[in-house]
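Q: Those letters in the sequence shown? Residues 0 to 327, per numbering that gives the first Met the number 0, in order. Quick one: structure below, then a few questions.
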Amino acid sequence: MITGRTGGFLFLLSFLYFSRMIAQYAPPAGQAGTTAISADSSIFVAWAKSSVLERGWMQINAPELGNASFGAAEDALGVPDINVTSLGDGGRITLGFEKSIQNGSGPDFAVFENSFSDDFLELAHVEVSSDGVNYARFPSASLTPSDVQVNGFGILQATSIHNLAGKYMAFFGTPFDLDDINDELVNIDSINYIRIVDVIGCIDPATGTFDGSDRMINDPWPTPFPSSGFDLDAVGVIHEADNLGVKVLTKQTIQVIPNPFVDRISFQGKYPEGPQHIQVFDMMGKMVYNELLFSWQSSIYLGFLPKGAYQIVLRSNSNISTTKIIKQ
């Protein structure tokens, strides 16, 4: 017999469980609260320079169909364009860069896929390495139900996906923050390689892929075509080590208060002397504020901005830093 108190406790547990399963992550590009970054955003300082491609099968359980073959390894280099390389089921590509990527405030790089819509999404895991031998994978979340297979032309909801490349449509990058990496074999201030690994969207545990919490990842499958799997367009760098001699300020030296904010923000901490150029961008890369600040004691008014996430860029003659702010 279940008493009222016991029943209430079980109801609470069920509520918490299902609330977790429908947790809302960032929405598609163009919507309030999105984390998508436009390909033409000024926050990108570099792009992938080299690539090593290991293609997967067009269909993991039908190897007789052969490997994916669309595009070439070099199509994943440089800025986003119409040229992509298809990885196939479980395929992978490793990207190299002219300079190391380092951990800064907010996202440190972004991955671009070529989806033609906000809901036809092909996903991939993202891994980083300092030495090219030891890789750490970003902890991911996929809350798409896995009881029924999403077919090869099926749709996904971006709000059910976190830390998986391919969350956003073409020309909008999925951001990744090196703060999410916790591996003693990987130096997050010296990342030299990024590896993109296709998610096999099959919900059969024998062949499928799991997220960071061991949930099956359900994404469009099968796709028995030359363009099978994740289609990589580009990887853009936001925080580059020793970027042309410009030092990136650390999180400890940049404090924006309050954050989240309603109307005004100000700054605390130790900053370089002299005027500071302040720019604010929305998450689609559009500049929404631009001012020269002569005193760190000054506050700036941003109450006119719509609710959502923004990137603030602080520049002086010898320093640059970016950090994320939230408008309530």
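Heads up, the beta-carbon is just placed ideally off N, CA and C, and yes, glycines get one too.
(1) Indicate the three-state DSSP secondary structure (helix, strand or coil) for Asp176 in the structure shown.
(2) Taking the beta strand (DSSP E) that Arg54 falls in, what are its first and last residues?
(3) Compare the beta carbon distance of Gln275 and Leu301 with 7 angstroms and say whether it is the shorter of the two.
(4) With a 10 Å radius around its C-beta and 16 neighbouring C-beta atoms as the bar for buried, classify Phe266 as buried or exposed.
(5) Cα separation between Ser212 and Glu290?
(6) Quick check: the Cα distance between Gln286 and Gln278, rounded to an integer number of angstroms?
(7) Between Ile36, Glu53, Ile256 and Phe119, which lies nearest to Pro219 when the distance is taken from Cα to Cα?
(8) According to DSSP, is Glu121 helix, strand or coil?
(9) Since Val198 and Leu142 should fall inside the 8 angstroms C-beta cutoff, what is the C-beta to C-beta distance between them, to a whole number of angstroms?
(10) Taking contact to mean 3 or more Cβ pairs, one atom from each stretch, closer than 8 angstroms, check whether the stretch 113-128 and the stretch 182-191 are in contact.
(11) Using 8 angstroms as the Cβ pair cut-off and three pairs as the minimum, do the stretch 56-69 and the stretch 82-101 touch?
(12) When the Cβ atoms of the stretch 62-81 are set against those of the stretch 200-217, are three or more pairs found closer than 8 angstroms?
(13) Kindly indicate which three-state DSSP category Leu64 falls into: helix, strand or coil?
(14) Considering only the alpha carbon of each residue, which of Glu63, Glu239 and Phe152 lies closest to Asp176?
(15) So, is Ala35 buried or exposed, given that buried needs 16 or more other C-beta atoms within 10 angstroms?
(16) Please report the distance separating the alpha-carbon of Tyr288 from that of Met168.
(17) Can you tell me where the beta strand (DSSP E) with His276 in it begins and where it stops?
(18) Determine, using beta carbons only, whether Ile324 and Val255 come nearer to each other than 7 angstroms.
(19) Note down, one range per segment and in chain order, each beta strand (DSSP E) of at least 3 residues found wholly within the stretch 72-143.
(20) For the beta strand (DSSP E) containing Asn289, name the first residue and the last one.
(21) Let me know the secondary structure DSSP gives Thr322 once reduced to three states.
A: With the given structure in hand:
(1) Translated into positions along the sequence shown, residue 176 becomes position 177. Here Asp176 sits in coil by DSSP.
(2) Position 55 of the sequence shown, counted from the start, is the residue given in the question as residue 54. Per DSSP, Arg54 belongs to no beta strand (DSSP E) and is neither H nor E.
(3) The count along the sequence shown starts at 1 and reaches residue 275 at position 276. The count along the sequence shown starts at 1 and reaches residue 301 at position 302. Taking 7 angstroms as the Cβ cut-off, Gln275 and Leu301 do not qualify as a contacting pair.
(4) Looking up residue 266 in the sequence shown gives position 267. Flag for Phe266 reads buried.
(5) Numbered from its first residue, the sequence shown carries residue 212 at position 213. Numbered from its first residue, the sequence shown carries residue 290 at position 291. Cα-Cα distance, rounded: 43 angstroms.
(6) Locating residue 286 in the sequence shown gives position 287, counting from the first residue. Locating residue 278 in the sequence shown gives position 279, counting from the first residue. It is worth fixing the name first, because residue 286 is Met in this sequence and not Gln. Their Cα atoms are separated by approximately 7 angstroms.
(7) Here residue 219 corresponds to residue number 220 of the sequence shown, with the count starting at 1. Comparing Cα positions, the closest option is Phe119.
(8) To locate residue 121, count along the sequence shown from 1; it is residue 122. Judged by DSSP in its simplified three-state form, Glu121 adopts coil rather than helix or strand.
(9) Along the sequence shown, one-based indexing puts residue 198 at 199. Along the sequence shown, one-based indexing puts residue 142 at 143. Between Leu142 and Val198 the Cβ distance is about 14 angstroms, and since that is not below 8 angstroms, they are no contact.
(10) By the Cβ test, the stretch 113-128 is in contact with the stretch 182-191, since at least three Cβ pairs between them sit closer than 8 angstroms.
(11) yes
(12) no
(13) Within the sequence shown, residue 64 is the residue found at index 65, counting from 1. Helix at Leu64.
(14) Start at 1 with the first residue of the sequence shown, and residue 176 comes out as number 177. Considering only alpha carbons, the answer is Glu239.
(15) By one-based count along the sequence shown, residue 35 stands at place 36. Ala35 should be labelled buried.
(16) Counted from its first residue, the sequence shown places residue 288 at position 289. Counted from its first residue, the sequence shown places residue 168 at position 169. Near 26 angstroms, if we compare the C-alpha coordinates of Met168 and Tyr288.
(17) Indexing the sequence shown from 1 puts residue 276 at position 277. Start and end: Gln275 to Asp281.
(18) Here residue 324 refers to the residue found at position 325 when the sequence shown is read from its first residue. Here residue 255 refers to the residue found at position 256 when the sequence shown is read from its first residue. Cβ atoms of Ile324 and Val255: closer than 7 angstroms.
(19) 91-100, 108-112, 123-128 and 134-136
(20) Along the sequence shown, read from residue 1 onward, the residue named residue 289 stands at position 290. Residues Met286 to Leu292.
(21) For this step, residue 322 is matched to residue 323 along the sequence shown. Three-state DSSP puts Thr322 in a strand.
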